[in-house]
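Structure, as C-alpha cells:
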Amino acid sequence: MLRSAYMAQELLTTFTDELHGVMLQPSETGGTFIVRINGETVFDRKDKGRFPEIKELKQIVRDVVSPEKSLGHSDKAGHSGETT
C-alpha cells in the first residue's frame, strides 16, 4: 500500500487542478493495483504484469484528464506539450 500512497500523492501534486481526489482501496488479493478514471480502467498491474513507473502513470493520467498539459521532465518524447 505504500507504493500506492506514494503514487497517489504524486498524482495529486502533479494534477492539482485536474484531480478532485484519489481513492485507495485495500484488496484481499496482494499485488492488486488498478487505476481508474471516471470508472474506466487506465492501468491494471495484472494485465501489464508489472507496476507502472511514476513517469508512465503520470503520462497515462495526463492523456485522459488534461492532454494539453506538459509534464516537463516526465513528458514522453513526441508529446505536443513537450518543450525541448
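Here full-length UniProt numbering is used: the first residue of the sequence shown is 1, the next is one more, and so on.
C-beta: ideal position from N, C-alpha, C; glycine also.
DSSP bridge partner residues for residue i (one or two, in chain order)
i, result
"F43", "V35"
Per-residue burial, residue i [other beta carbons within 10 Å of its own, 16 or more giving buried]
i, result
"R50", "exposed"
"K48", "exposed"
Anticipated Cβ contact below 8 Å, residue i with residue j, distance rounded
i, j, result
"I54", "M7", "6 Å"
Given residue i as reference, the closest of the options once Cα atoms are compared
i, options, result
"I37", "A5, G21, S4 and H73", "G21"
"R3", "E40, G72, Q25 and F15", "Q25"
"V64", "L19, T29, E10 and K48", "L19"
"G30", "L12, M1, Q9 and S66", "M1"
Close Cβ partners of residue i (< 8 Å) along its chain, the five nearest in sequence each way excluded
i, result
"T32", "R45 and K46"
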